[in-house]
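Quick note on the working numbering: the sequence shown kicks off at 684 and runs consecutively.
Below you'll find the structure, written out as structure tokens, and then a few comments.
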Amino acid sequence: PRTLIFKESLNINFEKEKIDSGIGIYYYDQHKNKWNYLSTNYDNDMYSTSILSNETFALIEEKNAPIITNLIPDINATYRRQDIEKLTFNIEDELSGISDIKNILIKIDEEPILFEYNSYRKQVSYSFQDKLIKGIHSLEIQAKDNVGNTTLIKGNFTIKWKI
């Protein structure tokens, strides 16, 4: 029965001769009508995960990288110094998702920054400690979903005193 919860976790395995990027083990949630990613390992020609209940499981290949929207400051944009107090953007991955902050890397002017990631809102933010100085600034954002698909945004934005 699907409602039966196991007393201890069980391991399930899917045999596959070679590791491929974008593959993970998922269970099907009938109430939400969607597949949910389970933390997946690959070892000895097998994909494996731990489960706590009887569900429908599948080995699924996902090739879609995370999508970043509403980026401020945006690449190739120009802003007045007083108008930019923080970096923000939304990030979404349709199938496997983004489990935590470790899957996202942000650099401003080649320096990694410590940012906040709200997984419920799917929003990333970073408040600039000091106002950005006048000139061109580099921005690099790398986001990886749970099965390794990666999005990279890299470029510059400009800060001016007056526009």
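Ideal Cβ positions, reconstructed from N, Cα and C, are used throughout, including at glycine.
No experiment lies behind these values; they were computed from the predicted model shown.
- When the beta-carbon positions are compared, Thr834 and Thr761 stay at least 7 angstroms from each other.
- Using a Cβ distance threshold of 7 angstroms, Ser808 and Thr771 count as a contacting pair.
- Distance from Ile755 to Tyr730 at the Cβ level is roughly 39 angstroms; contact not present, criterion being Cβ atoms closer than 8 angstroms.
- According to the DSSP secondary-structure assignment, Asp726 is paired through a beta bridge with Met729.
- Residue ranges of uninterrupted beta strand (DSSP E) with 3 or more members, entirely inside the region 747-820 and ordered along the chain, are 750-755, 761-763, 769-775, 787-791, 799-801 and 806-810.
- Here Ile781 is not near Leu822, since their CB atoms are 7 angstroms or more apart.
- Ranked by Cα distance from Val830, the options Asp776, Ile816 and Ile784 are led by Asp776.
- According to DSSP, Gly831 shares a beta bridge with no other residue.
- Judged by DSSP secondary structure, Ser692 falls within the beta strand (DSSP E) whose first and last residues are Ile688 to Glu698.
- At least 7 angstroms separates the beta-carbon of Asn773 from that of Lys827.
- Of the other Cβ atoms in all chains shown, fewer than 16 fall within 10 Å of the Cβ of Leu687; this residue is therefore exposed.
- Spanning the alpha carbons of Glu768 and Ser736 requires a straight line of approximately 46 angstroms.
- For Leu742, the beta-bridge partners assigned by DSSP are Ile708.
- If you look at Asn719, you'll find it in the beta strand (DSSP E) that goes Lys717 to Leu721.
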